[in-house]
Structures are given as C-alpha cells and as structure tokens.
Amino acid sequence: MTTLATARRLTPRRPDRRVLVAGILAVWVLLWVVLRGRDTLVLAPADLTGLHRFLTDAADSIGAARGGNPVFRYVLDPIRVGIDHVVTFLQGVLAQPAFGRPVPAIGWFGVVALAGFSAAVFANLRVALLAVAGLVFLGLQGLWQESMDTLALTLAAVLLALLLGIPLGIWAGLSDRFHRIVTPVLDLMQIMPTFVYLAPLALFFLIGPASATIATLVYAMPPAVRLTAHAIRGVPETTVEATASLGATRRQTLLKVQLPMARRTIVLGINQTMMAALAMVTVAALIDAPGLGKTVIKALETLDVGTAFNAGLAIVVLAIVLDRVTTAASVRAAGARRGPAGAWRRPLVLAGGLVTAGCVWLSATYVWASRFPSDVDLGGTLARSADTATGWAQDHLSGVTTAFKDLVTTLLLNPFQSLLTESPWWLVALVVVALALVVGGVGAAVTSAGCLVLIVGSGLWGDSMTTLAATLVATVLVMALGITVGVWIGRSPRADRLIRPVLDAAQTMPAFVYLVPFLAFFAASRFTAIAAAVVFAAPVAIKIVADGIRAVSPTTVEAATAAGSSTWQVITKVQLPMARRALALATNQGLIYVLAMVVVGGLVGAGALGYDVVAGFSQGQLYGKGLAAGLAIVLLGVLLDRITQAAARRDEPGRR
Amino acid sequence: MRLREMTILALTAVMLAGCGWQKVSDLPAVAGGANDCGTVNLAVNPWVGYEANAAVVGYVAEHDLGCTVVKKDLKEEVSWQGFGTGEVDAVLENWGHDDLRKKYVQGQRTAVELGPTGNIGVIGWWVPPWLVKQHPDITDWRNLDRYARLFRTSESGGKGQLLDGDPAFVTNDGALVKNLRLDYEVVYAGSEAALIQAFRQAESRRTPVIGYFYAPQWFLAELPLAKVTLPPYRPGCDADPEKVACDYPEYTLDKIVSRRFADAGGPAYELIKNFRWTNEDQNLVARYIAQDKLSPEAAARKWVEANRAKVEAWLPEG
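Top line first, the protein sequences correspond to chains A and B. With positions in the first sequence counted from 1, the corresponding number in the working numbering is that position plus 13. With positions in the second sequence counted from 1, the corresponding number in the working numbering is that position plus 58.
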C-alpha cells in the first residue's frame, strides 16, 4: 500500500490529463465524421438474438420445473412462509382484519399513540409531535388502511435489510477482499431493474407479501451495506492505529472506536434504506403488493393525477416521519451516552406508557378509535387541488417547456447520442477504454473493456449507447444540482431544514405520479425520462454532498476564514476538496439512481434499454431480451461507476 | 406531578366516555363464503376495460352466488404464471397472447380456454378528431407520406413520428413502416398513459399526432379517435413478423382459467364460462370507473341492477 503510493508519487508528471482527454475526444469526433453509420450493431425493438431466445427458454424451463424441484421445497418455500408470516402478522396488527376480528388488532388511535410515545422516548418531543401529526394526516387523506399496509410491508423489508445489511457492511468496511467481492453484487442489486426479476420472484415466492418484500429488500439493502462500509472506512487510520497500539483487540477497536465514530453515516444508510424501500412501493404493487402503490397504479390507468398525487403524498409523509424519527433517535442515542438521564424522565415515561397502553386498548375495543372517521375528506380536496394545479400548469407552461425540451434535445442530447450510436462500436469501445486509462488508470481500463465486451455480447449495443447518452446528460444535471444545493444546505442549517422535506418528497414521491404532468410538459420523449431521473437522483447526491460538507471540521473552516479567505474560497479551496470522498460517493450514487430510472424512462418515450425491459416484463417471448437489457444496464452502471471512482481516488491528495 | 394527575384524569374521562360507544365486538364478523361456492381468485390486469369485467363478474359472484372473491392486481404474464401455482383462478379479458397460450395451455397444461367474452379488440393507428376534420384523407395509409412533415418531433429524426405505446401488446409497427415504405419513425412511448396524454393534448392544442391505440378503451368515450385504414388483414399475412404489410387482425377477447379451477367445476366456474357481454356494456362500466370515478364495486352494482336480464343468463342453473 505505502510502497505503491510512494511509487506513484515518484513517477514523473505525465502530460496534463485534461489535454489528453480533449485529444481523445477530438480524435473520436474526427473518426466519427469519417466512419459514421458503420458497425453500429443496431437491433430493432422486435428483433431477438440467439442469446435472448436462449434466456427466454432457460427461464421457461426453470418455471416449468417448479413443482418437483427440491430447491423450491426445502429452500425457497420456507423462506417464503417465514416472510409471509412476518408481513401478515404486521398487517394484522396495523392494517387488515385479523385474529378473527373485523378490524386490525390496533386501531388508528393506538397506532398514533404508540408512534408518538416511542418517538418521544427514543428521540424527542418535537419529532413525536411530527409523527402524530403525520399519521393523523394519513387518516385525514382517507388512506389509513392503505398507509398501514404499506407501513407493514416497508417495516418488514427494512428490518430484514438492516438485519442482513449492517453486518455485511461492517464486514465490507473491515475487509478489503470482501469489499471487492460484495461491491459488484450490490451494483447488480441496485441497478438491475426490478421489472426484470419481478416475474421470476412471483414464480419462486408466489404472488403475495413474500415476493413484494423480497423485491423491496433487494433494492433497499445496498445503501445500508455501502454506507456502513463507507462509514467504517472513513474512520481515520491513525485513530485505529492509535487504538491498536494501546493494546485494544480488533473487536474492541470495532465496538468502541470504529462503530461509534461511524454512527452518523450508518444512520444515513438506514435512512437511505427506508427511502429506497418506500421507492419500491409502486413497483411492488405490480405483483399485488398491498398498500398505497396500488392506489397510484390504479389512478394511473385513468390518468387520474389527483388521486395518484394524494396517495403519493401519503408515501412522502410516511417517509418523512420515518426519516425524522430515526435521525432524531440517533442524535438522542449519541447524547444520552454522555450525561446521566434526568431524574424526572422515568416517571414521565411510565405515565406516557400507561396513557399509550390505554389508547391501544381503546383502539382495540371501540369502533371510533379503531377505524379512522371518514367524515373529513381532505384526500378529495387534495386530489382536486392537484388536478387543478397540474391542469393549469399544463395549459400555461407547456409552450415554454416544449421549447426547453427541444433546445436541450437538439443542442446537447442529439449530438451526443449520434456520436455514441453512429460511431462503429469498436471506436466507442476504444475511446471509452482510453478515457478510463487516462482518468482512472489501468484497473479502470481493464474493467471498462470487460463491461464493453459483455455489452456487445448482450446484443443490445445500439440501445445501450442511446441509454448511455441520456444517462450521462442526466447525471451531469444531477451533479450540478447536487453540488450547488448540497454545499448550500451543508453550510446553512436553516436552508437544510427548509430544503430537506422537498428532497425527501422528490425522492419518495413515486415517479408514476409525476409522469403524467411531465408527459404534458415534454411529450413522450427522451427528455421526459431525463427530467424524471433528475428529480429522483438529485436528492441523494445533494444529501451526500451536504453530509460531506458538514463533516469538514469546523476548526479548519474557522482557520481558513480567520486567514482571510472569502466564502467562495472556503467552499472551493477547503470544503469541497476536503469533501472529495463525499463528492465521489455522490456522483456514484447519483449515477446509480439515474440508472434506476432508465426503466421508468422506457415508459415515457426514452425507448432503448428501458423499453426493452418493460417489453420483456410484458411479453413472454421478449423476456430474454428484457433480461439482457437489464444486464446491459448493470454493465453500464459498473462501467461508469468504476471509472468515476478510480478518477476520484487518483485526484485525492496524500495517502489514500 | 401535575402532569401525571392530569393524565390520569384525562384517561379516566376517556374511559368513562367510552361506555356509550359502539364496540368492535358488536361489528358484524368478517364475511366468509356463505355457501359452497368457496373462494375465487380473479387476476385484475392493469387496464380499465379489464377492471370492468372483473368488477361485474366479481360482484355477481359475491352477491348472487355467495362466493368469496379475491382480486389480485397483476400483469398478464404474472397472472398466467399464477395458474400453475394455484394463486389465480381466472383471467377475464385476454388479448390474443398466443405466446402465453402456447406456454400454459398447450405446454404446461395449467391453463384452459373458456371462450370469448363477447368483446372484440381492435388494434391500429389512430389520429385525433380535429386532424381528420382538417385533412379528411389522412385516414388512408396511402396518404400518410404526404403528411409526414406534420408529425415531426424532437424524437423522430426528421421523419414523421408514429407514436407506439403499451409494450404489453404485440406491435408490428416497425415492420409495417418499413414494408409500406412510409417516411415515418416509430417512437416507443412505452405506456398507455403516455399515449392517452399525447392524444389528449393533441386534441386540446390542435397539434398533430398519430399513434398506436386500441378499442375497447375508456378513453375513446372521451375522445373519439379516428382509425387509419391499413392494407386489409388476411389470415396469414402477419405470419412472418419481418414481412408484415397488413392491418392487425380483430382480436376475439377471451377468458382463461386455471385447469384446477376448471376441473373442480362449481358455480363460479359456471358463471365465468357463461359470462358474455358487448363492447358497449364494457365501455359503459369502464366509463363509470374512469370518468365518473365510481369504485369498481359501485360501477358494477349500477350496471348489474340495470341489466338484471343479462346477468340472469350467466348464472348457473339450479
């Protein structure tokens, strides 16, 4: 490690990387002019390759073998039954008639009281109030039962994700080898479009809560693993070495130093896991997952934006409540360690517990406390207002938005896309590998070459390049937003309080809700897909950047300010360079979240890989092609991820 | 101290007040299948026409036959898959899907065809009404090239844009455009919502659009699109997907049930076998749901009460 770093420092300075990159791009454009249209490997939407047919047949034969196979009986069925029990139990407690009663075990009054009480105990009174208000709001929206179904499913998925994810994350934080093995698996889980594995999941785990939970789990677990590992790795080596030199065992170092110091980032991981789980609510509804997702999907069938918005808002409210409570709880846990608990605390908690128990009993016994009263129709009002607002926006803004779309498409997207799709495949591959070599190094170049070869093998080169063009444009927009807003809210707690709910809303509001107005603004086009991807991916980038900015030690910032640096200088010379790890992570996550929206893009006119995946989910004979397209999306993700990461590592000054 | 006293007081007040309230235990128990009909698992595919079928069949099964009806919101492929795992008993509106038929009816033998629903499905290229009023001859495919310029967009690369939609249905449009030598580019909108929004906006803003669509569909009641005539369909003219140069066939929409459900017989099976109605019937119920925003149950009740005679004909004898 040290020798390598020294060796790098000793190599003579190569020509400026920026010059090399510009040179490669110039050569590419020149060759494109000469060679355009040759070896572009385009495949028409209905055409298949041998690989696609093979994958379809393979999936079919696995499906046909379901009955007799011992793997199903002894491995998958117990998993399914176990998860089904957990979810059905939670649903019976919160949402569905169960245990021989016409109502769930705990009614709304009890749930609200329980939520308020536990938030007060584990966090603070302010978030307790927020939790109570949020939950009552869900009831007023007329979506109590749906919300509780969603909550039950989300809780089950998140609990499982954390149970598996945090230990894996710790392991990946401590062991470089495991980190190398698990990273591509996480990439696969996070980037592989859910549509690809939704049908097989329903085949393996049947239609029901288990399939929905596992679909959610697959997508929601990676942030927990990644951010835990990132946090453990972020503990300064000197601290770990110092602890070791004091004679601490590895276990002690982990429990007493690394985990406590990593706590804040681990909580960010839990937080992201919850957000990711809630992002899956609508997709899981396609295999009959109960809850708010169904309401959104049904509303979309009739383009009922208002109803979809009402349900989407409920998802957002749930997300914000869960987020604030967990975050405040972690702060509380950190603070409580230092001082002894106040003497007044115990009797108060006891009294609160008694009141809560009373409320729960009431809600189990009396109808008014069990079923949310339905006389207030806040949901209808909200739906109608949303309808009116979108209607107005569509009528008055769509001229401007169409012009904007045409501008970006002709000036940015089209040229870039023709460069990528009309160049011979080998030229694009050479350019990418060369760029990877220059900005990332040998390792990145080798990985890129591997990914490119596999993309060619998938038979979907043309579609992959179209998707790549849109993805890069979207990621550039995401990072522009991520850095500006991230720095802003990282520096100003007030801005953070103001912006954060908007970010949470953008991240958790199901894309299906805003697709219809977006379609009105930008028509069915690649730009609509880009816009949707930016809405979804920017919040993650912003949050991570802000977290990085905040982690820069205040003394450093104060020192820089005292030395006479302007705010601009503090940001560009101190805070951003010191938050470089966070910037790299933000780019990386931004990219992955953009790629997660490729399929949604396929629903609004982006075509290419997204459309292939959707078509594969909908038509049996295209399944193999959909699977290949899903793999191509993953390969694109890995390619972009490795190049950006390697570039970021190289940029870092000093040892690591 | 004061807080605790207040809490106790409040709690006592609440509990005392509670004596006059309706108790959960007084509510009617969970409804179970009252007679031998048992449980029917209906797949509900994600479009309103299907939902109309499921609403009416489900309503009749529940109220006339006393079955417990479980509706599962699923896409087509997953629904058919459910026949084998025993989680789906019936699909109530199937559009062709020869691939699924081959796989599950002939191959795995887990599905059984149960005859047409009476609805006829039409697929093709459609244009908004204002465009036909302005250019009456636009509905003939031979004239489409003359209008290609109208349909240019940011996505179609200088040609006319033919907007294709829902990937759930088979589309020959790529081949059609090529084989009819039309100056058009197929752009894949990718969802029904995208198509409907495109047509809706085209009509309200008087912009040209031509796209793939189908009937029966609730949206046609809101906006009567005009269908473009393509070279007529003859059996076999679409045999080779690469060489298609003719219109889409008419689809006789039909019902598929699981083999298990069919073998067991039973009143719900008889009901689904007998279920048959017209495009107008379905459009009416679909309109109740999509435009009048009735719940599927309410929409079904409204239609069933007005069409008792039709419903009687579906019920099993005895």
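All C-beta atoms in this analysis are idealised placements derived from N, C-alpha and C, irrespective of residue type, glycine included.
With distances taken Cα to Cα, identify the nearest neighbour of valine 228 of chain B among B/Ser212, B/Thr197, B/Asp305, B/Leu172.
-> Of the listed residues, the one whose Cα sits closest to valine 228 of chain B is B/Asp305.
Margin query: Determine, for threonine 143 of chain B, whether the minimum Cβ-Cβ distance to residues of chain A falls below 9 Å.
Written below: Proximity of threonine 143 of chain B to chain A, defined by a Cβ-Cβ separation below 9 Å, is satisfied.
Using a cut-off of 9 Å between C-beta atoms, extract the partners of threonine 497 of chain A located in chain B.
Going along chain B, no residue has its Cβ under 9 Å from threonine 497 of chain A, so there is no contact; the nearest lies around 27 Å.
So, at 6 Å on beta carbons, what are the nonlocal neighbours of asparagine 111 of chain B in its own chain, with the 5 sequence-adjacent residues on each side left out? Non-local beta-carbon contacts of asparagine 111 of chain B in its own chain, meaning distances under 6 Å to residues more than five positions away in sequence, involve Leu150, Glu151 in chain order.
Exercise. Where valine 136 of chain B and proline 222 of chain A are concerned, what is the direct C-alpha to C-alpha distance, given to the nearest angstrom?
Worked result: Each residue's Cα considered, the two are about 15 Å apart.
Practice item. Classify glycine 453 of chain A as buried or exposed, calling it buried when 16 or more other Cβ atoms lie within 10 Å of its own Cβ. Key: It counts as buried.
_Nearest by alpha-carbon distance to methionine 274 of chain A: which of A/Ile496, A/Arg49, A/Ala341, A/His243 is it?_
Methionine 274 of chain A has its Cα closest to that of A/His243, out of A/Ile496, A/Arg49, A/Ala341, A/His243.
query = With a Cβ-Cβ cutoff of 9 Å, do leucine 608 of chain A and alanine 252 of chain B count as a contact?
reply = For leucine 608 of chain A and alanine 252 of chain B, no; Cβs fall outside 9 Å.
Do alanine 457 of chain A and alanine 687 of chain A count as a contact pair if the criterion is CB distance below 9 Å?
Here chain A covers residues 14 to 669 and nothing more, so residue 687 of chain A does not appear.
**Message:** So that I know if they touch, is there some Cβ in chain B lying closer than 9 Å to that of arginine 31 of chain A?
**Reply:** Not one chain B Cβ lies under 9 Å of arginine 31 of chain A.
| Short Cβ contact (9 Å threshold) for glutamate 145 of chain B with asparagine 99 of chain B | Against a cut-off of 9 Å, the Cβ pair of asparagine 99 of chain B and glutamate 145 of chain B comes out as a contact.
From what residue to what residue does the beta strand (DSSP E) around leucine 220 of chain B run? 218 to 222 is the span of the beta strand (DSSP E), which, as asked, contains leucine 220 of chain B.
To the nearest angstrom, how far is the alpha carbon of alanine 297 of chain A from that of threonine 229 of chain A?
Distance from the CA atom of alanine 297 of chain A to the CA atom of threonine 229 of chain A, rounded to whole angstroms, is 7 Å.
So leucine 54 of chain A and tryptophan 474 of chain A are in contact, right, with Cβ under 8 Å, and what is the actual spacing, rounded? Their Cβ separation, rounded to whole angstroms, is 4 Å, which keeps leucine 54 of chain A and tryptophan 474 of chain A in contact under 8 Å.
Next item on the list: Indicate whether at least one CB of chain B lies closer than 9 Å to the CB of valine 116 of chain A.
Entry: Cβ-Cβ to chain B under 9 Å: yes for valine 116 of chain A.
(message) With three or more beta-carbon pairs closer than 8 Å as the criterion, would you say the segment 360 to 369 of chain A touches the segment 96 to 104 of chain A?
(response) No, the segment 360 to 369 of chain A is not in contact with the segment 96 to 104 of chain A.
Thinking leucine 291 of chain A and alanine 332 of chain A are a contact (beta carbons under 8 Å), I'd like their distance in whole angstroms, please.
5 Å between Cβ atoms; contact.
Under the rule that 16 or more other beta-carbon atoms within 10 Å means buried, what is alanine 416 of chain A, buried or exposed?
Burial is judged here by how many other beta carbons sit within 10 angstroms of a residue's own beta carbon; alanine 416 of chain A has fewer than 16 and is exposed.
If contact means a Cβ-Cβ distance below 7 Å, which residues of the segment 524 to 558 of chain A contact chain B? Close to chain B, meaning a Cβ-Cβ distance shorter than 7 Å, are the following residues of the segment 524 to 558 of chain A: Leu528, Val529, Leu532, Ala533, Ala536, Ala537, Ser538, Arg539.
(request) Can you give me, in chain order, the residues of the segment 302 to 334 of chain A that have a beta carbon less than 7 Å from any beta carbon in chain E? (result) Absent from the structure: chain E. Protein chains present are A and B.
inquiry  = Going by C-alpha to C-alpha distance, which of B/Ala119, B/Lys285, B/Asp94, B/Leu132 sits closest to alanine 377 of chain B?
reply    = The structure shown does not extend to residue 377 of chain B, since chain B spans only 59 to 376, so no value can be given for it.
Whole angstroms is fine: what's the gap from tryptophan 342 of chain B's alpha carbon to glutamate 159 of chain A's? What sits at residue 342 of chain B in the sequence shown is leucine, not tryptophan. Spanning the two alpha carbons is a distance of roughly 28 Å.
Review point. Whose C-beta lies closer than 6 Å to the C-beta of isoleucine 181 of chain B among residues of the same chain, with five residues either side of it excluded?
Key: Counting only Cβ-Cβ distances below 6 Å, and skipping sequence neighbours, we find Tyr272, Tyr306.
### Listed by chain order, chain A residues near glycine 116 of chain B by CB distance under 9 Å
By Cβ distance, chain A contributes nothing, its closest Cβ being about 15 Å from glycine 116 of chain B, past 9 Å.
Interface flag, arginine 317 of chain B vs chain A, CB-CB below 9 Å: Not closer than 9 Å to any Cβ of chain A, the Cβ of arginine 317 of chain B fails to qualify, so no.
Using a Cβ-Cβ cut-off of 9 Å, state whether tryptophan 153 of chain B counts as contacting chain A. Not an interface residue.
Just confirm the distance between the C-beta atoms of glycine 282 of chain A and proline 236 of chain A, as a whole number of angstroms; I'd bet it's less than 8 Å.
So it is a contact: roughly 5 Å between Cβ atoms.
Are three or more beta carbon pairs between the segment 189 to 207 of chain B and the segment 215 to 222 of chain B nearer than 8 Å?
With the cut-off at 8 Å, the segment 189 to 207 of chain B and the segment 215 to 222 of chain B touch.
Review point. Which same chain residues, not among the five before or five after leucine 288 of chain B, have their C-beta less than 6 Å away from its C-beta?
Key: So the list reads Trp199, Asp305, once near-sequence residues are dropped.
- Query: In whole angstroms, what separates the C-alpha of aspartate 419 of chain A from that of proline 530 of chain A?
  - Reply: Computed Cα separation, rounded: 17 Å.
Aspartate 60 of chain A lies in the beta strand (DSSP E); which residues open and close that run? That residue, aspartate 60 of chain A, is in no beta strand (DSSP E); it is neither H nor E in DSSP.
> Taking leucine 481 of chain A as the reference, which of A/Ile543, A/Pro506, A/Ala508, A/Leu424 has the closest Cα?
Replying inline: For leucine 481 of chain A, the nearest C-alpha among the options comes from A/Ile543.
Discussion item. I need the DSSP call for phenylalanine 535 of chain A, collapsed to helix, strand or coil.
Written reply: DSSP places phenylalanine 535 of chain A in helix when its eight states are reduced to three.
Query raised in the report: Can you give the Cα-Cα distance for lysine 331 of chain B and lysine 129 of chain B, rounded to whole angstroms?
Result: Lysine 331 of chain B and lysine 129 of chain B: Cα-Cα distance of roughly 18 Å.
**Three CB pairs or more closer than 8 Å across the segment 643 to 659 of chain A and the segment 203 to 212 of chain A** = In short, these stretches touch, since the Cβ pair count reaches three.
For this session: Classify phenylalanine 535 of chain A as buried or exposed, calling it buried when 16 or more other Cβ atoms lie within 10 Å of its own Cβ.
Result: The residue is buried, with at least 16 neighbouring Cβ atoms inside 10 Å.
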